[in-house]
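Engineer:
What follows is the structure in structure tokens.
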């Protein structure tokens, strides 16, 4: 884990920062452009919500 992430959650939380770091380590940093924080969706009951991460392209 990088020192920058340990000190502060720059994306909103330390857990979210760690997810992005692991994602980039696994799939490459160029694929991170397809991740979106707080992506708006409509749930099965018709309520609007947001999910923490969404991928908009198949890897």
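Numbering (our numbering), first residue to last: 106 to 164.
We put the CB at the ideal spot given by N, CA and C, even for glycine.
Which residues in the same chain have their Cβ closer than 6 Å to the Cβ of residue 158, if we skip the five residues on either side of it in sequence?
Structural biologist: The answer, listed in chain order, is 140.
Engineer: Please classify residue 122: is it buried, with 16 or more other beta-carbons within 10 angstroms of its beta-carbon, or exposed?
Structural biologist: Flag for residue 122 reads buried.
Engineer: Start and end of the beta strand (DSSP E) containing residue 139?
Structural biologist: Counting along the chain, residue 139 falls outside any beta strand (DSSP E), and DSSP gives it neither H nor E.
Engineer: Alpha carbon to alpha carbon, what distance is there between residue 124 and residue 137?
Structural biologist: Near 11 Å, if we compare the C-alpha coordinates of residue 124 and residue 137.
Engineer: Report the three-state DSSP secondary structure of residue 119 (helix, strand or coil).
Structural biologist: Helix.
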